[in-house]
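K.L.:
Once you've had a glance at the structure underneath, I'll fire off some questions.
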Amino acid sequence: MSELKYLAAYAPELQAQVRNMLAQDKLGAYLQQRYPERHSVQSDKALYQFTTELKQQYLRNSPNIDKVLYDSKLDVLRHALGLHTAISRVQGNKLTAKKEIRIASLFRDTPPEFLQMIVVHELAHLREKDHNKAFYQLCQHMLPDYHQYEFDLRIYLTWRDTLAKKGQG
């Protein structure tokens with residue numbers, strides 16, 4: 001039984017379905033059929049604009065974001081959905097916090113739904129620090145199919161790992 005590290009928290013029945021699709025080499029076709037498009041947000045500047053537009057639409061009263069960028073050094077398993085940070089700096093006699101969102105570079109070549117889901121996840125952390133009920137309600141408010149996209153993104157990461165193990169990725 002192969003380990004499905006990105007799907008470990010999901011029901012055994014769902015994991016069995018994914019294993020079955022992997023064994024039949026159908027997972028890539030499933031993802032391609034379900035998500036045929038790739039997003040056009042390729043630069044850090046475009047990612048910043050994409051993120052600030054979503055923030056403006058749903059989280060107007062939340063703190064401004066100072067930096068949004070693709071990061072090639074993110075550990076995908078630990079930070080599969082990106083990383084949000086607040087960097088505190090002393091400026092004179094004031095303490096300021098710079099808000100940053102970093103998205104793993106591998107998400108440059110994913111469907112627009114996956115990028116939007118990752119950005120929504122990181123934006124939700126502006127209001128809710130923990131992954132609690134309020135956090136996921138906020139994610140669903142900003143992206144009604146949030147949970148399906150997160151599950152499918154985890155399937156995508158599993159498929160990608162399988163390709164890498166076969167030497168195709």
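Numbering (UniProt numbering), first residue to last: 1 to 169.
All C-beta atoms, glycine included, are put in the ideal place defined by N, C-alpha and C.
(1) If you follow the alpha helix (DSSP H) that D71 is in, where does it begin and where does it stop?
(2) Reducing DSSP to helix, strand and coil, say where A97 ends up.
(3) Taking 8 Å as the threshold (C-beta atoms), are F50 and V119 in contact?
(4) Nearest-angstrom Cα distance between H125 and K67?
(5) Can you find the residues in the same chain that come closer than 7 Å, C-beta to C-beta, to V41, ignoring five residues on each side of it along the sequence?
(6) Does L163 pass the burial test, meaning 16 or more other C-beta atoms within 10 Å, or should it be called exposed?
(7) Under the three-state reduction of DSSP, which class applies to R38: helix, strand or coil?
(8) By Cβ distance, which residues of its chain are closer than 8 Å to D145, with the 5 residues on each side in sequence left out?
P.N.:
With the given structure in hand:
(1) Where D71 is concerned, there is no enclosing alpha helix (DSSP H), although the beta strand (DSSP E) around it starts and stops at 67 to 71.
(2) Per DSSP, reduced to three states, the secondary structure at A97 is strand.
(3) Contact flag set, yes.
(4) Near 15 Å, if we compare the C-alpha coordinates of K67 and H125.
(5) Closer than 7 Å at Cβ, skipping near neighbours: L47, F50, L115.
(6) A residue is called buried once 16 or more other Cβ atoms fall within 10 Å of its Cβ, and L163, having fewer, is exposed.
(7) It is coil, neither helix nor strand.
(8) The residues are E113.
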